Amino acid sequence: MTNRLRTEIQEEEEVEEVIEERPARELPDNFFTQLFTRGFLTTEKATNALPFVLFLAFLGMVYIGNMHYAEKSVREIDALTKEVKELGWDYKSTKADMAFKSTLTEVAKRADTLGLSQSVDPPGKITVKEVADGN
880 MTNRLRTEIQ EEEEVEEVIE ERPARELPDN FFTQLFTRGF LTTEKATNAL PFVLFLAFLG
940 MVYIGNMHYA EKSVREIDAL TKEVKELGWD YKSTKADMAF KSTLTEVAKR ADTLGLSQSV
1000 DPPGKITVKE VADGN
């Protein structure tokens, strides 16, 4: 009985199966469909051109990377130039301050705080007399 039922079910399914065929889609008539269907650009030609396309893509990536590196370098140069200018200003102001502090009047003012004073007497000349010894 089981086998007979299976055969009946299979016969019914075969009868019910109707294959619907879809009508072929018509391609719109534009530039790209004409380019690919008329044989100007075939699969074989596209496959042969693939290494060249990949090479161009690689060159494009190298170009973009080089531009990023160049812009980064320019930014670093600008920052270093600005830092050099600031350090130059610091050097000049420190040099001027040191020149001012090393003048005679400023040294005298600082020496007064330590209890030292400027001598009023001119320096004396020291002479050594030679002794006429027999040696």
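Mapping of the sequence shown onto the working numbering: position 2 corresponds to residue 881, and the numbering continues sequentially without gaps.
Cβ atoms here follow ideal geometry from the backbone N, Cα and C, with glycine treated the same way.
Keep in mind that this is a model prediction, so the values were computed, not measured.
Going by DSSP, L983 is part of the alpha helix (DSSP H) stretching over 983 to 992.
Bounds of the alpha helix (DSSP H) holding Q913 are 910 to 916. The Cβ atoms of Q997 and A1011 lie no closer than 7 Å to each other. As the crow flies, the alpha-carbon of K1004 is around 25 Å from that of A990. The C-beta distance from L920 to L914 rounds to 6 Å, short enough to fall under 8 Å. For A978, the three-state secondary structure derived from DSSP is helix.
Non-local C-beta neighbours of E887 in its own chain, meaning closer than 8 Å and more than five positions away in sequence, are absent.
Here the alpha carbons of E962 and D969 stand approximately 11 Å from one another. Pairing M977 with E985, the inter-Cα distance amounts to about 11 Å.
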